[in-house]
Amino acid sequence: MHPTPGVGHDNQVFRRSHGSVVIGADSRAALDDLLHSEQVAGRVADQHTVLTAVHASTMERTVPVIRV
3 MHPTPGVGHD NQVFRRSHGS VVIGADSRAA LDDLLHSEQV AGRVADQHTV LTAVHASTME
63 RTVPVIRV
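Numbering-wise (the numbering used here), the sequence shown opens with residue 3 and increments by one.
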């Protein structure tokens with residue numbers, strides 16, 4: 003757990019779920035176009051009905067790693 007003062011992390015088991023969405027784009031402008039599209043804007047407007055927290059970060063570079 004990450005320290006987040008004033009935020010409880012003791013939710014009941016049936017209310018705990020975590021997920022990740024990774025979005026890639028060729029440029030920041032392309033990502034902005036996607037995020038401002040009608041389809042995504044509708045989901046963003048409704049996210050408060052199903053999410054308690056959203057965290058975003060920018061990655062300059064990612065490297066796929068496969069370990070066997």
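C-beta: ideal position from N, C-alpha, C; glycine also.
Quick one: grab the DSSP three-state call for residue i.
i: residue 34; result: helix
i: residue 28; result: coil
i: residue 46; result: helix
i: residue 54; result: coil
i: residue 62; result: coil
i: residue 15; result: helix
By how many angstroms is the C-alpha of residue j removed from the C-alpha of residue i?
i: residue 23; j: residue 53; result: 13 angstroms
i: residue 13; j: residue 55; result: 13 angstroms
i: residue 31; j: residue 64; result: 19 angstroms
i: residue 16; j: residue 58; result: 25 angstroms
i: residue 33; j: residue 9; result: 30 angstroms
Measure how close the beta-carbons of residue i and residue j come, nearest whole angstrom, since I'm counting them as under 8 angstroms.
i: residue 36; j: residue 27; result: 6 angstroms
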